[in-house]
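Count along the sequence shown from 1, then add 1; that gives the number in UniProt numbering. Before any comments, here is the structure.
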Amino acid sequence: FEPVKIAPSILSADFANLARDVALVEEAGAGFLHVDVMDGHFVPNLTMGVPVVRSLKRATSLPLDVHLMVDNPLDQLPWYLDAGADSVTVHVEPLDAEGLARAVDEIRAAGAKAAASVKPGTPVEVLAPVLADLDMVLVMSVEPGFSGQGFIEGSEEKVARVAQLARAAGSSPLIEVDGGIGAATAGRVAAAGADVLVCGNAVFAADDPAAALAAVRDAAQK
Ligand code: DX5
Ligand code: ZN
Numbered sequence: 002f003e004p005v006k007i008a009p010s011i012l013s014a015d016f017a018n019l020a021r022d023v024a025l026v027e028e029a030g031a032g033f034l035h036v037d038v039m040d041g042h043f044v045p046n047l048t049m050g051v052p053v054v055r056s057l058k059r060a061t062s063l064p065l066d067v068h069l070m071v072d073n074p075l076d077q078l079p080w081y082l083d084a085g086a087d088s089v090t091v092h093v094e095p096l097d098a099e100g101l102a103r104a105v106d107e108i109r110a111a112g113a114k115a116a117a118s119v120k121p122g123t124p125v126e127v128l129a130p131v132l133a134d135l136d137m138v139l140v141m142s143v144e145p146g147f148s149g150q151g152f153i154e155g156s157e158e159k160v161a162r163v164a165q166l167a168r169a170a171g172s173s174p175l176i177e178v179d180g181g182i183g184a185a186t187a188g189r190v191a192a193a194g195a196d197v198l199v200c201g202n203a204v205f206a207a208d209d210p211a212a213a214l215a216a217v218r219d220a221a222q223k
């Protein structure tokens with residue numbers, strides 16, 4: 002049994018002091034660094050891209066967990082693999098079954114971990130055909146697009162459903178949850194089977210990000 006890992010989302014960090022903020026969470030024991038790539042089309046927000054990932058790769062030894070919120074993941078994922086992503090998460094919504102399988106294959110062929118994500122309104126059952134090949138499943142607990150939103154109640158049931166589907170498929174992907182996670186929600190999603198908790202505002206909007214990260218990890222263990 003592995004303890005729950007925290008993946009701080011740098012979308013909530015200070016972009017003018019990114020190296021400082023990354024060092025802070027690395028020191029505090031983060032498990033991954035979550036990088037939210039948004040294209041202004043798949044989601045109504047534009048964030049960061051390849052140059053930031055490339056620079057982060059040199060600035061930290063934390064695994065870079067790239068969450069691709071873009072309309073054309075098959076076109077873009079090679080860029081991020083090349084820039085040093087350790088895991089790449091594609092959304093299932095812009096892909097058909099064949100495209101999803103191809104994305105997973107391409108990520109793994111590059112030696113990275115493959116993850117697929119579902120928006121709150123997308124049933125987890127669409128993951129079934131690729132479940133055996135996934136290293137991680139990302140359950141969105143807010144509508145993707147912005148940090149600082151409230152956790153959608155009941156998202157923990159979706160986490161439990163993914164865990165159940167994976168068990169039935171004889172597969173054991175990590176389950177990551179993203180959106181509105183803090184000390185108040187961490188226990189519930191961890192109890193439902195989450196292995197990795199993405200935290201944006203809960204960590205970086207706190208006065209003491211290191212203490213906030215520890216508080217979320219502690220809450221997940223209870
Ligand atoms: C939302 C992003 C999240 C976001 C999380 O679309 O995928 O990773 O940055 O931020 P919080 O934890 O503040 O909800
Ligand atoms: Zn994210």
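Note that CB positions come from ideal geometry on N, CA and C, so glycine has one too.
Problem - Cβ-based burial, Lys-223 [other Cβ within 10 Å; buried from 16] - result: exposed
Handout entry: the region 82–91 / the region 50–57 touching (three or more Cβ pairs under 8 Å)
Key = yes
Problem - Outcome for Gly-183 when other beta-carbon atoms lying within 10 angstroms are tallied against a minimum of 16 - result: buried
Practice task
From the DSSP output, read off the bridge partner residues of Lys-114.
Solution key: Ser-88
Problem - Closer than 7 Å: Asp-87 CB and nearest the ligand ZN heavy atom - result: no
Problem - Beta bridge counterpart(s) of Asp-40 as assigned by DSSP - result: Leu-47
Handout entry: Gln-77 beta carbon near the ligand DX5 (any heavy atom closer than 7 Å)
Key = no
Handout entry: Val-54 - partner residues in DSSP beta bridges
Key = Paired residues: none, contrary to the question.
Problem - Inter-residue spacing [alpha-carbon to alpha-carbon] between residue 1 and Ala-17 - result: Here the chain covers residues 2 to 223 and nothing more, so residue 1 does not appear.
Handout entry: Whole-angstrom distance between Gly-194 and Ala-170, CA atom to CA atom
Key = 16 Å
Handout entry: Through-space distance from His-92 to Met-70, alpha-carbon basis
Key = 7 Å
Practice task
Determine, using beta-carbon pairs with one atom in the region 19–35 and one in the region 203–218, whether at least three such pairs fall under 8 Å.
Solution key: yes
Handout entry: Heavy atom of the ligand DX5 within 7 Å of Leu-12 beta-carbon
Key = yes
Practice task
Select from Pro-210, Ala-104, Gly-201 and Ala-207 the residue whose C-alpha is nearest the C-alpha of Asp-37.
Solution key: Gly-201
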